[in-house]
Each structure stands twice: as C-alpha cells, then as structure tokens.
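See structure below.
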Amino acid sequence: MADRDPLALEEQVCFALSVAARSVVAVYRPLLEPMGLTHPQYLVMLALWQYAPLSVRELSRLLQLDPGTLSPLLKRLEATGYVHRERAAADERSLAVTLTAAGEALRAQAEQIPAAIVERLGLPVAELRQLHAALTTVIAAANRAEAVPLS
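The sequence shown begins at 1 in full-length UniProt numbering and counts up by one.
Written as structure tokens, this is what we have:
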C-alpha cells in the first residue's frame, strides 16, 4: 500500500469540517429565509429561546463567538424586532439581550426546523446524534489545543 500524502486535501479534517458546515448551513437557508433569519442569527435565537435574558458576554460564551462578531448580529435582530438590547441596571457595562414578543412568537415557527432538517438530510436520527457527539469531542479537543502555548 502506497504512503498517503499528509497534505492531500481529501485527507484533511479541516476540509471535511468546512465543507460539511457550509453544506449543512445551505440546507437550513430555505427554512430560515421565510423567518427573516440567517443561520448565525438562528443560533442566537436558539440560545435566547433557551436561556433569555442573557448578557452579550454570556451569549458570546454560549455561541463561542467573539463579541465583535456577535454585536452586528444582535443589531440586525433588534432592527428586525426580534430582540431588545439594554444596559443592565446592576452593571452599566453589561448589555442585556431579551426577546421581544415577536421574537418569542417566532419560536413556534422555528420548532418545525429540526424535523425538516432531519428529513432533508435523509440520515437516521441516531447517526446524527453520533455525529453531534463526535463533533462535540472535536470542539473540546480543539479548544484544549488552542489553549496550549506553542513551544
């Protein structure tokens, strides 16, 4: 058996993850467009439906997004009328994010999305759960590796 090229594109985990992420997000797009959401905005809404109210710092940690990336998403969601941002009374430096009535009402429409994604992907739920577990393991490993200083 010939030696594998360590730089072969099709052998790279980063390539497979990148293509998989773009492909899956593309499956979400037609389901999210009628709701007026992009995929990153949908992730913000998922976090808020589960945990609102949240500070921008808490939301940033949950979504593993830089606050500088999160801020424009929140501004667009606020302009759409789905969220409200205000300074926290206890700490003026903290920005609290809450759902508006329209943002809360959007949840009923969003509840249809997970089943629609499973149907569109055509993969068994058990396989998707295994994939989720594997990806969670990869994320944790990458976070640990990122924290290790280069020697």
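C-beta: ideal position from N, C-alpha, C; glycine also.
Which residues mark the beginning and the end of the beta strand (DSSP E) in which residue i is found?
| i | result |
| --- | --- |
| R22 | Taken as a continuous stretch (DSSP letters only), R22 belongs to no beta strand (DSSP E), being part of the alpha helix (DSSP H) at V13 to L32. |
Within this structure, are the beta carbons of residue i and residue j separated by less than 8 Å?
| i | j | result |
| --- | --- | --- |
| A47 | L59 | yes |
| V118 | T98 | no |
| Q41 | L63 | no |
| R107 | L95 | no |
| G81 | A102 | yes |
| F15 | L9 | yes |
Sort the options by Cα distance to residue i and report the nearest one.
| i | options | result |
| --- | --- | --- |
| A52 | T100, R93, L70 and A8 | T100 |
| V44 | P114, M35 and L70 | L70 |
| L17 | A89, L135 and Y28 | L135 |
| H39 | V25, P114 and R120 | V25 |
| G68 | L77, A89 and R57 | R57 |
| P34 | Q50, S55 and Q112 | Q112 |
| G122 | V27, V19 and L7 | V27 |
Who are the Cβ neighbours of residue i in its own chain at under 8 Å, not counting the five residues just before and after it?
| i | result |
| --- | --- |
| R4 | E11 |
| S23 | none |
Which residues bound the alpha helix (DSSP H) around residue i?
| i | result |
| --- | --- |
| T100 | Premise fails: T100 is in no alpha helix (DSSP H) and is neither H nor E. |
| P124 | Unbroken run through P124: none, as it is neither H nor E. |
| A89 | Taken as a continuous stretch (DSSP letters only), A89 belongs to no alpha helix (DSSP H), as it is neither H nor E. |
| S60 | V56 to L63 |
Just verifying my parser: in three-state terms, what is the DSSP assignment at residue i?
| i | result |
| --- | --- |
| S71 | helix |
| V83 | strand |
| T38 | coil |
| A52 | coil |
| E111 | coil |
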